[in-house]
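Notes follow once the structure below has been shown.
2 protein chains.
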Amino acid sequence: MSETSPPIFDDTFASRFAELLAWRRDVRRFRREPLPDGLVEALLAQAELSPSVGHSQPWRWLRVTDAAQREAVRANFKRCNADALRDYEGERARLYASLKLEGMREAPEQIAVFCDHGTSQGHGLGRKTMPEMLDYSVVAAITQFWLAARIAGIGVGWVSILEPDVVREALGAPPHWKLIAWLCVGWPEAESDVPELVRAGWESGR
Amino acid sequence: MSETSPPIFDDTFASRFAELLAWRRDVRRFRREPLPDGLVEALLAQAELSPSVGHSQPWRWLRVTDAAQREAVRANFKRCNADALRDYEGERARLYASLKLEGMREAPEQIAVFCDHGTSQGHGLGRKTMPEMLDYSVVAAITQFWLAARIAGIGVGWVSILEPDVVREALGAPPHWKLIAWLCVGWPEAESDVPELVRAGWESGR
Chain D
35 MSETSPPIFD
45 DTFASRFAEL
55 LAWRRDVRRF
65 RREPLPDGLV
75 EALLAQAELS
85 PSVGHSQPWR
95 WLRVTDAAQR
105 EAVRANFKRC
115 NADALRDYEG
125 ERARLYASLK
135 LEGMREAPEQ
145 IAVFCDHGTS
155 QGHGLGRKTM
165 PEMLDYSVVA
175 AITQFWLAAR
185 IAGIGVGWVS
195 ILEPDVVREA
205 LGAPPHWKLI
215 AWLCVGWPEA
225 ESDVPELVRA
235 GWESGR
Chain B
35 MSETSPPIFD
45 DTFASRFAEL
55 LAWRRDVRRF
65 RREPLPDGLV
75 EALLAQAELS
85 PSVGHSQPWR
95 WLRVTDAAQR
105 EAVRANFKRC
115 NADALRDYEG
125 ERARLYASLK
135 LEGMREAPEQ
145 IAVFCDHGTS
155 QGHGLGRKTM
165 PEMLDYSVVA
175 AITQFWLAAR
185 IAGIGVGWVS
195 ILEPDVVREA
205 LGAPPHWKLI
215 AWLCVGWPEA
225 ESDVPELVRA
235 GWESGR
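Chains as they are written, first to last, in the working numbering: chain D, 35 to 240; chain B, 35 to 240.
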């Protein structure tokens, strides 16, 4: 256990933190340069300080570097995205088709994030009536990863236009691992404090 | 759209942020003093800068002040917790029974957080194959709320030993709102950089 005193966070820190939240984007446009050695490991260590139900720490991070695996996942995205497009009509379909919804070809780092439904850590505490708490714990960790990455100038994009079971199988992950996210990670082409979907008029369009 | 330049987060900020993550706890022991006026609103505004699928912003925050409603929710906790206790035996059951798993009587502020499954905002983008992304968006916002609160010296405890539908009905929330979290919010009795469950030996115990 630590013997250091609790930190006091001053107004300067609070106001910088507010800026961090304002400038954290879901990034789909990446530069291709690789990330510095050790950076992703450091960001994941920060993510793992996240709250988890019963201290279960059910997050499992799979850094996908194999080109064939990446291509299989991207193929699944393309199929799901074409299918999603068919739900829209007219002007909204044209707008949807124009959106860039992933950066899977450009992002140097791609991480499949799973929740280990087979873990015994935590001994089930806090998730008998709300078993979904295990998945939520992974989402909290991803949120912390996202913020830590932005501090380092790194963009993160969460791709959800995927079939979780297809991705899991493509990566050879165990059946009791549930896919929570596919993260594209890299240097962003640009920074903004306005979400790309807002800039594209997705909500305001008809 | 903003015309300000992107912020640069320096090493000092990054190291303070790491401290924030290390000292963010799931709090169950609160002092009873009320929070300053306007603080919760300010924290919620920061939470709402969170990423959400398709920019759907499906979070709905219900600040519960009515004593009868609070008591109904606490009664549900007690029933669920007694039921959970029956899953453990021997030393672990004794340890479980000794844990303080909520601060519902002491925390001055209690917030039921819902996901609005009826929202049309976002036009379904990003959640056709992973409809759970809507719930995940609310979890991300709660995570940001939690960190923002800790910066202000405020503790948050997420109570999940509850039946979501019972809580929703006790609060009169619409049927298409799914309960994601019950948050106890207030000044913590103490600070630590070690989770309370770890201090209690929950994981290491037999």
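Glycine included, every Cβ here is placed at the ideal spot set by N, Cα and C.
Residue i and residue j closer than 7 Å at C-beta
| i | j | result |
| --- | --- | --- |
| alanine 179 (chain B) | alanine 81 (chain B) | Residue identity differs from the one stated: residue 179 (chain B) is phenylalanine in this sequence, not alanine. In contact: phenylalanine 179 (chain B) and alanine 81 (chain B) (Cβ atoms closer than 7 Å). |
| tryptophan 211 (chain D) | arginine 94 (chain D) | yes |
| alanine 146 (chain D) | leucine 96 (chain D) | yes |
| glutamate 225 (chain B) | arginine 65 (chain B) | no |
| proline 85 (chain B) | threonine 153 (chain B) | no |
| alanine 131 (chain D) | lysine 162 (chain B) | no |
| valine 200 (chain D) | asparagine 115 (chain D) | no |
| valine 173 (chain D) | valine 173 (chain B) | yes |
| glutamate 143 (chain B) | valine 74 (chain B) | yes |
| methionine 164 (chain D) | serine 194 (chain B) | yes |
Inter-residue spacing [alpha-carbon to alpha-carbon] between residue i and residue j
| i | j | result |
| --- | --- | --- |
| tryptophan 241 (chain D) | leucine 129 (chain B) | It is not possible to answer for residue 241 (chain D), since the shown part of chain D is limited to 35 through 240. |
| glutamate 197 (chain D) | glutamine 155 (chain B) | 22 Å |
| valine 61 (chain D) | leucine 231 (chain D) | 11 Å |
| glycine 160 (chain D) | glutamate 53 (chain B) | 26 Å |
| proline 209 (chain D) | leucine 181 (chain B) | 33 Å |
| serine 238 (chain D) | alanine 204 (chain D) | 37 Å |
| methionine 35 (chain B) | arginine 126 (chain D) | Any reading at methionine 35 (chain B) must be qualified, since the residue scores a pLDDT of 49, below 50, and its modelled position is unreliable; the value itself is stated next. Going by the C-alpha atoms only, they are around 22 Å apart. |
| arginine 108 (chain B) | aspartate 44 (chain D) | 35 Å |
| tryptophan 236 (chain D) | glutamate 123 (chain B) | 54 Å |
| alanine 106 (chain D) | aspartate 100 (chain D) | 10 Å |
| leucine 133 (chain D) | alanine 234 (chain D) | 8 Å |
| aspartate 227 (chain B) | arginine 202 (chain D) | 35 Å |
| lysine 112 (chain B) | alanine 215 (chain B) | 16 Å |
| alanine 207 (chain D) | glycine 72 (chain D) | 24 Å |
| alanine 102 (chain B) | glutamate 67 (chain D) | 58 Å |
| arginine 120 (chain D) | alanine 186 (chain D) | 38 Å |
| leucine 104 (chain B) | arginine 104 (chain D) | Per the sequence shown, the amino acid found at residue 104 (chain B) is arginine instead of leucine. Spanning the two alpha carbons is a distance of roughly 49 Å. |
| arginine 63 (chain D) | arginine 63 (chain B) | 44 Å |
| alanine 76 (chain D) | alanine 76 (chain B) | 30 Å |
| alanine 48 (chain D) | alanine 48 (chain B) | 13 Å |
Environment of residue i [buried if 16+ CB atoms lie within 10 Å]
| i | result |
| --- | --- |
| alanine 141 (chain D) | buried |
| threonine 46 (chain D) | exposed |
| aspartate 169 (chain B) | buried |
| isoleucine 42 (chain D) | exposed |
| serine 171 (chain D) | buried |
| aspartate 150 (chain B) | buried |
Distance between beta carbons of residue j and residue i, contact taken as under 8 Å
| i | j | result |
| --- | --- | --- |
| alanine 56 (chain D) | leucine 83 (chain B) | 6 Å |
| leucine 213 (chain D) | valine 190 (chain D) | So it is not a contact: roughly 16 Å between Cβ atoms. |
| arginine 184 (chain B) | arginine 50 (chain B) | Between arginine 50 (chain B) and arginine 184 (chain B) the Cβ distance is about 12 Å, and since that is not below 8 Å, they are no contact. |
| proline 229 (chain D) | histidine 89 (chain B) | 6 Å |
| methionine 138 (chain D) | valine 87 (chain D) | Not a contact, Cβ separation roughly 31 Å. |
| isoleucine 188 (chain B) | valine 219 (chain B) | 6 Å |
Just list the alpha helix (DSSP H) runs in the segment 157-206 of chain D, keeping only unbroken ones of 4 residues or longer that don't cross its boundaries, in chain order. 167-185 and 198-205
Which parts of the segment 50-103 of chain D are runs of the beta strand (DSSP E), unbroken and 3 residues or longer, counting only runs that do not cross its ends? 93-97
Length at least 4, wholly inside the segment 121-156 of chain B: the alpha helix (DSSP H) runs in chain order: 124-132
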